[in-house]
Amino acid sequence: MSAEVHSRGSIRRRLMLQLLLGAAVLAIALFFIVQSLARQLAEESQDNILAAAVSAILDTTSVRDGEIQLDLPYSAFSMLSNISNDRVFYSVRFGDDFVTGYNDLPTVPKDDGFGPWFDTATYQGDEVRIVTAERRLASRGKPLAVEVTLAQTRDGQRDQLRWISQIAAALGSGFFISVAVLAALTARSSISPILRLTKSVSRRGPKDLRPVAAPVPHEMAPLVAALNSFMDRLKNSLTRSEEFIADAAHRVRTPLATVRTQAEITYRRVEKDENRASIREMIRAIDESSRAAGQLLDHAMVTFRTDHLEQEVIDLNSLADEMIERLHPMAELREIELVLVQQNAVSTVGDTILLQSALRNVLDNAIKYSPADSTVTLCVSLDAGMAHLTTTDCGIGLPEEDAESLKSRFARGANVEGVIGSGLGLTIADEVARAHGGYLTIANNSKGPGACVTLSFPLQ
Amino acid sequence: MRHLIISLAVILLPISASAFEIEERVVFGAESNPQTLRVISTGDVRVFEPMISGFLAENPAVTVDYTVVSSSELMKAIGIEEATFDVAISSAMDLQTKLANDGFTAPYSSQATDALPEWARWRQDLFAFTQEPAAVVLSKDAFAGLPMPQSRQDLISLLRQHPDRFQGKIGTYDLRDSGLGYLFATQDSRTSEVYWRLTEVMGALDAKLYCCSSHMINDVASGKLAIAYNVLGSYALSRVDKDRFVVMLPSDFTTVMMRTALIPQNAQNKELAEPFVDYLLQVAWNKTGQHSQQPYDSTAMLAEREDSLRRIRLGPGLLIFLDEYKKRSFLTAWENAILQE
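Structure below.
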């Protein structure tokens, strides 16, 4: 049974989401940075070539007899066609006069400085990059500027940029995909200490309240420290309550013994039948109470000892012998015969006192639920690497449906109305068996009435 | 394939209303066909006929209206008057480049245009379909007893050694009249200074100036000329009397002109022009099948001189020599060299 846990959000999902978001932002930034860098570079290289071409043209200009002389260099245009197959336009002006080229080609407005001056404009329906440069020549004794304008379309640049954009997009998505994979791995690995801790805590037995000793990342140290201190407090509190119960049981048992003695003495003194009957009833109740107190003590002891389990070799045959011996008087009282069946030498490793307690409770149950004048058999055997102590009685047996649940504390069968019991006997036996790495099996006899309870322990 | 032509109507129209001068106009295919492809070209009808017939065989519902003009008239028709033609074919690479540069062309790209070598195409506007060398045609009679020159240097020394023999017997283009001659001359001058030396030598020997390759070849064949410089090799080799002369591709360098096709911006039937250009390019560049329809095929001639070929590069560089100032100064230098009165 586990308490419902309210969970909201997921560390892994949040980590993934944040990493992916960051990666997406970076990928998009990368795309635009590469693209704008490429554009800048392409524009710069076109400007450089235009500037070189225009100055090559300017270098060929001179004035003779007031007339402009011009020898357009082939290289000026062929260098433009080296980078791309773009269309080229030019115009040459001398002073205010148009000399040659494309008369309607716009020129770049000249601001301060020596130029060349650049501009982007539309000419003949296409975007063109324009450069204008000038040079001062002396004509008839006064300076006059020759101005050369060169323009080139940008188709090649556009193609180049389209190509670079595709590469940048591929780069960006590649980056994003690799980061996504890394993010998934990172999220998984950063969550793994938590999963490890969860696993190690949930793997523990119900009684295991030791502090977590395995190393954890230091971010988790406070959580583990809190968990450890919580478990420590829980353990202390459990111990205290067990001690309290044991103490209480002990304190109740001793006065009960006195009360019983007094009741027996009184029983002998009274003569009226109805008084004797009520005193008999009283003694029976006292017996049950002291039995319950004994079992509570047993249980507290079992709880305590399983925490610090002693490891000694125990001969199960002699253990069984001793226990039959000890219970003999009680069985005889109800005219029940105890039979011990032994086959081989069987021994296990564990805590003698616990094993005694377990076996006593099982046998005690068997005797209690058996009818008078019947037989309870204890059989010591070994099979499949386990040692078995099987107790068979001829009692009322068990209700079929809840055999397993009888192992839990204070649980009693549905068919035991009228027989006084605490419901702790099988719990004790079960806890002892499990503390030793064994188990308790409860079943009805395959032949005839009665129950069959087996304590199994690993062999030595 | 030729029998597929439904009819071949040769109509020598009077000069029509248009201002550009038409030399010849031929309509291939039935005039009743629903679609007419209008081609303006500088190439002879005779030379293009096999190619056009091949195209019509594949497109029987089309009529091809083929108009022959000079290269400067073609420039005028497309670039100034903006007459409506669907395909313009010209040998004037510089003028074609100017048309493309100045936005008079419609870009087109297809598998056929993409397959062209880099130098046979400019942008998506100009597509070359021939390679024709500028050759020197030498009369066998005139060179009897002399070693045949292989380069311009050879030619210069021969002319210097035998001035009497070649006086007045050298022919070359008049650059003032011939666009092709001007293109060859400007490209020669870019490649080597030897061009100017040769021009001066030719000028000193009283070179005759011609408008066209065919006239020069006629005069070499008839013995009037001993040497014709920068003649279209493809013309010379297609002559029936070609055994009278030697067609020499100079080993120092051979300038190669490429005829180009373009689709004008204002073409009315681009959907016809495009397959026509594709067909033309396939005929020209595929070495198999329809290659026999190739106009001005000079492949065999060029193969021998692959190393010395200087293909004229399509591109804005060609605009330089079209510039008035540049042209004026180049022609002045040329006149000084060739006209030594």
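Protein chains in written order, with this note's numbering: chain A, 2 to 461; chain B, 549 to 889. Positions of the beta carbon are idealized from the N, C-alpha and C atoms, including for glycine.
Pairwise C-alpha distance: residue j and residue i
i: B:W882; j: B:W744; result: 8 Å
i: A:N362; j: A:R285; result: 19 Å
i: A:N86; j: B:I886; result: 36 Å
i: A:C453; j: A:M17; result: 57 Å
i: A:S37; j: A:A43; result: 10 Å
i: A:I75; j: B:I868; result: The amino acid occupying residue 75 of chain A in the given sequence is Tyr; Ile does not appear at that position. The alpha-carbon atoms of A:Y75 and B:I868 are separated by roughly 6 Å.
i: A:D394; j: A:I368; result: 8 Å
i: A:G449; j: A:G396; result: 10 Å
i: B:S877; j: A:D72; result: 8 Å
i: B:Y760; j: B:L780; result: Residue identity check: residue 760 of chain B is Cys in the sequence provided, not Tyr. Roughly 9 Å between the two C-alpha positions.
i: A:T386; j: A:A430; result: Here residue 386 of chain A turns out to be Gly, not Thr, going by the sequence shown. Cα to Cα, the separation comes out at about 20 Å.
i: A:N382; j: A:T428; result: Note on residue identity: the sequence assigns Ser, not Asn, to residue 382 of chain A. Approximately 22 Å between the Cα atoms of the pair.
i: A:D120; j: A:A134; result: 12 Å
i: B:S856; j: B:S799; result: 6 Å
i: B:E629; j: B:T720; result: 32 Å
i: A:S203; j: A:L196; result: 10 Å
i: A:P459; j: A:A434; result: 10 Å
i: A:G10; j: A:S242; result: 38 Å
i: A:N224; j: A:T199; result: Rather than Asn, the amino acid found at residue 224 of chain A in this sequence is Leu. Whole-angstrom Cα-Cα distance: 12 Å.
i: A:H7; j: A:L425; result: 35 Å
i: A:F305; j: A:L356; result: 14 Å
i: B:L604; j: A:Q161; result: 40 Å
i: B:D791; j: B:Q735; result: 29 Å
i: B:D702; j: B:N766; result: 24 Å
i: A:A484; j: A:G23; result: With chain A covering only 2 through 461, there is no way to say anything about residue 484 of chain A.
i: A:R15; j: A:V180; result: 15 Å
i: A:T240; j: A:P212; result: 16 Å
i: B:A815; j: B:L706; result: 51 Å
Reference residue i; option with closest CA among the options
i: A:Q125; options: B:F691, B:V684, B:A648, B:L694; result: B:A648
i: B:P864; options: B:T645, B:G729, B:P697; result: B:T645
i: B:L686; options: B:T661, B:K717, B:Q672; result: B:K717
i: A:F78; options: A:D66, A:I50, A:T101, A:D98; result: A:I50
i: B:P608; options: B:D592, B:L585, B:L622, B:K624; result: B:L585
i: A:A247; options: A:A293, A:F115, A:I12; result: A:A293
i: A:L90; options: A:N104, A:R141, A:A321; result: Position check: residue 90 of chain A holds Phe in this sequence, whereas Leu was assumed. Comparing Cα-Cα distances from A:F90 to each of A:N104, A:R141, A:A321, the minimum goes to A:N104.
i: A:L106; options: A:F115, A:S92, A:F99, A:D97; result: A:S92
i: A:S63; options: A:T101, A:A139, A:I12; result: A:A139
i: B:S620; options: B:S639, B:R669, B:T632, B:A605; result: B:S639
i: A:L379; options: A:G426, A:G157, A:Y370, A:I325; result: A:I325
i: B:R594; options: B:M849, B:V635, B:R573, B:F793; result: B:R573
i: A:R136; options: A:S82, A:L145, A:R130, A:E313; result: A:L145
i: A:Q158; options: A:K143, A:V129, A:I287; result: A:V129
i: A:S447; options: A:Y440, A:L399, A:E432; result: A:L399
i: A:S191; options: A:S166, A:P218, A:V147, A:E265; result: A:P218
i: A:A184; options: A:T391, A:S406, A:I12, A:V377; result: A:I12
(message) Threshold first: 3 residues or longer. Then list the beta strand (DSSP E) segments lying entirely within the region 634-664 of chain B, N to C.
(response) 635-638
(request) Flag this pair as touching only if the region 802-815 of chain B and the region 668-686 of chain B have three or more C-beta atom pairs under 8 Å; answer yes or no. (result) yes
(message) As an exercise, report each continuous beta strand (DSSP E) stretch of at least 3 residues that is fully enclosed by the region 316-365 of chain A, in chain order.
(response) 338-343, 348-351
(message) Along the region 70-99 of chain A, where does the CB come closer than 7 Å to a CB of chain B? Name the residues.
(response) Cβ proximity to chain B below 7 Å picks out L71, D72, L73, Y75, F78, S79, L81, S82, N86, R88, V89 from the region 70-99 of chain A.
(request) Report the residue ranges of all beta strand (DSSP E) runs contained in full by the region 666-714 of chain B; include only those spanning at least 3 residues, in chain order. (result) 674-676, 680-687
(message) Output needed in chain order: residues of the region 866-880 of chain B with a Cβ under 7 Å from some Cβ in chain A.
(response) L867, I868, D871, E872, Y873, K874, S877
(request) Could you name the residues of the region 115-133 of chain A whose beta carbon sits closer than 9 Å to any beta carbon of chain B, in the order they occur along the chain? (result) Cβ contacts with chain B: Q125, G126, D127.
(request) Give the residues from the region 634-666 of chain B that approach chain A closer than 8 Å (Cβ to any Cβ), ordered along the chain. (result) A648, N649, D650, G651
(request) Anything in the region 731-764 of chain B with a Cβ closer than 8 Å to a Cβ of chain A? List those residues in chain order, please. (result) R738
(message) Closer than 8 Å between beta carbons: that is the criterion. Which residues of the region 665-687 of chain B meet it against chain A?
(response) W670, R671
(message) Against chain B, which members of the region 162-190 of chain A pass a CB distance test of less than 9 Å?
(response) Correct list: empty, as no residue qualifies.
(request) Could you run through the region 99-110 of chain A and flag, in chain order, every residue whose CB is less than 9 Å away from some CB of chain B? (result) V100, T101, G102, Y103
(request) Would you check if the region 723-730 of chain B and the region 689-707 of chain B touch, i.e. whether three or more CB-CB distances between them fall below 8 Å? (result) no
(message) Is it the case that the region 821-836 of chain B contacts the region 655-662 of chain B, given that we only count it when at least three CB pairs across the two stretches are under 8 Å?
(response) yes
(request) For the region 837-886 of chain B, list the beta strand (DSSP E) runs that are entirely contained and at least 3 residues long, ordered along the chain. (result) 857-859
(request) Check whether the region 300-307 of chain A touches the region 333-347 of chain A, taking contact to mean three or more Cβ pairs, one atom from each stretch, closer than 8 Å. (result) no
(message) Can you pull out the residues from the region 697-711 of chain B whose beta carbon lies closer than 9 Å to at least one beta carbon of chain A?
(response) none
(request) Examine the Cβ distances between the region 311-327 of chain A and the region 264-280 of chain A and report whether three or more of them are shorter than 8 Å. (result) no
(message) Quick check on the DSSP output: what are the complete alpha helix (DSSP H) runs of length 4 or more inside the region 246-308 of chain A, in order along the chain?
(response) 274-308
(request) Using a Cβ-Cβ cut-off of less than 8 Å, list which residues of the region 840-865 of chain B approach chain A; keep chain order. (result) R861, G863, P864, G865
(message) Quick check for students: name the residue ranges of the beta strand (DSSP E) that lie wholly in the region 94-160 of chain A, counting only runs of 3 or more.
(response) 98-102, 118-124, 127-140, 143-154
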